[in-house]
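Trainee:
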Amino acid sequence: MPSPLGGDAHPSFETSPSVRPGQPAEVNDMDPELKKRLESEKIVHITTYERDGTPGTVAMWTLFHRGKIYMSTGRGSVKVRRLARNPMVGLQMQDRKAPMLEGQARVVTEPELIRPVSEGLFNKYDGAGEWWTSIDNMIRGFRRQDPSVLLEITLEDS
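All residue numbers for the sequence shown refer to the numbering used here, where the first residue is 391 and numbers rise by one.
1) What three-state label does DSSP hand Asp547 in the structure shown?
2) Name the one or two DSSP bridge partners that Lys458 has.
3) In this structure, how does DSSP classify Glu542 when only helix, strand and coil are distinguished?
4) Using only the alpha-carbon positions, how far apart do Val507 and Pro501 sit?
5) Within 10 Å of its beta-carbon, does Ser462 have 16 or more other beta-carbons around it, so buried, or fewer, so exposed?
6) Between the Cα of Val539 and the Cα atoms of Leu503, Asn513, Lys514, which residue gives the shortest distance?
7) Would you tell me roughly how many angstroms separate the C-alpha atoms of Val470 and Pro422, rounded to the nearest one?
8) Which whole-angstrom value describes the C-beta separation of Leu481 and Gly493, a residue pair presumed to lie in contact below a C-beta threshold of 8 Å?
9) Alpha carbon to alpha carbon, what distance is there between Pro489 and Tyr460?
10) Taking buried to mean at least 16 other C-beta atoms within 10 Å of its own C-beta, is Ile433 buried or exposed?
11) Need the endpoints of the alpha helix (DSSP H) that Ala474 sits in, please.
12) I believe Arg472 touches Gly446 by the beta-carbon criterion, under 8 Å. Please report the beta-carbon distance rounded to the nearest angstrom.
Shown next as structure tokens:
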């Protein structure tokens with residue numbers, strides 16, 4: 391099945407017919423069921439794309455905050471390198487029964503956004519994972535090239 395992201399969609403994913411590429415979704419216009427699902431979902435699969443369109447998908451912890459999806463990852467990760475070349479992403483819920491969502495991702499650099507999102511991720515996962523040693527390390531990391539970064543995903547109209 392062709393994907394609006396280029397190339398073929400992953401065979402276990404369906405692209406949502408309600409997604410119109412290039413139009414950001416407004417949180418107030420978002421389908422209530424989708425919003426509820428994004429708020430409660432613990433793991434979301436994110437697909438990023440190589441230069442030639444080859445997809446790569448990994449499972450990530452997420453936070454839905456003010457209509458956007460946030461994830462923490464390593465600054466030097468393959469995801470970050472791919473996103474520097476192509477910000478388009480595909481997102482799939484853990485059970486893979488819902489349609490694939492599409493959006494654009496960026497690395498968050500604004501300190502006023504880093505703190506609430508970092509705290510939200512920390513609280514959602516009860517501080518789980520040794521990689522998440524403290525919110526302050528995450529915040530200071532942007533000044534000292536710490537390996538952790540936040541990704542912000544803006545969903546396309548859904």
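By construction, the Cβ of each residue, glycine as well, lies at the ideal position given by its N, Cα and C atoms.
These numbers come from a predicted model, not from an experiment.
Mentor: Looking at the coordinates:
1) By 1-based counting over the sequence shown, the position of residue 547 is 157. Residue state, collapsed to three classes: strand.
2) Within the sequence shown, residue 458 is the residue found at index 68, counting from 1. The partner list for Lys458 (beta bridge, DSSP) reads His455.
3) On the sequence shown, residue 542 is found 152 positions in, with the first residue counted as 1. Reduced to three states, the DSSP call for Glu542 is strand.
4) As a working mapping, residue 507 is identified with position 117 in the sequence shown. As a working mapping, residue 501 is identified with position 111 in the sequence shown. Answer to the nearest angstrom: the Cα atoms are 10 Å apart.
5) Against the sequence shown, residue 462 aligns to sequence position 72. Buried, because 16 or more other Cβ atoms sit within 10 Å of the Cβ of Ser462.
6) Along the sequence shown, read from residue 1 onward, the residue named residue 539 stands at position 149. Minimum Cα distance to Val539 is reached at Leu503.
7) One-based indexing of the sequence shown puts residue 470 at position 80. One-based indexing of the sequence shown puts residue 422 at position 32. In a straight line, the C-alpha of Val470 is about 30 Å away from that of Pro422.
8) Within the sequence shown, residue 481 is the residue found at index 91, counting from 1. Within the sequence shown, residue 493 is the residue found at index 103, counting from 1. Yes, Leu481 and Gly493 are in contact; Cβ-Cβ is about 7 Å, under 8 Å.
9) What you label residue 460 is simply residue 70 of the sequence shown in a count that begins at 1. What you label residue 489 is simply residue 99 of the sequence shown in a count that begins at 1. Tyr460 and Pro489: Cα-Cα distance of roughly 19 Å.
10) In the sequence shown, counting from the first residue as 1, residue 433 sits at position 43. The residue is exposed, with fewer than 16 neighbouring Cβ atoms inside 10 Å.
11) On the sequence shown, position 84 is the one that residue 474 refers to. First-last of the alpha helix (DSSP H) with Ala474: 468-475.
12) To locate residue 472, count along the sequence shown from 1; it is residue 82. To locate residue 446, count along the sequence shown from 1; it is residue 56. Confirmed, Cβ separation roughly 7 Å.
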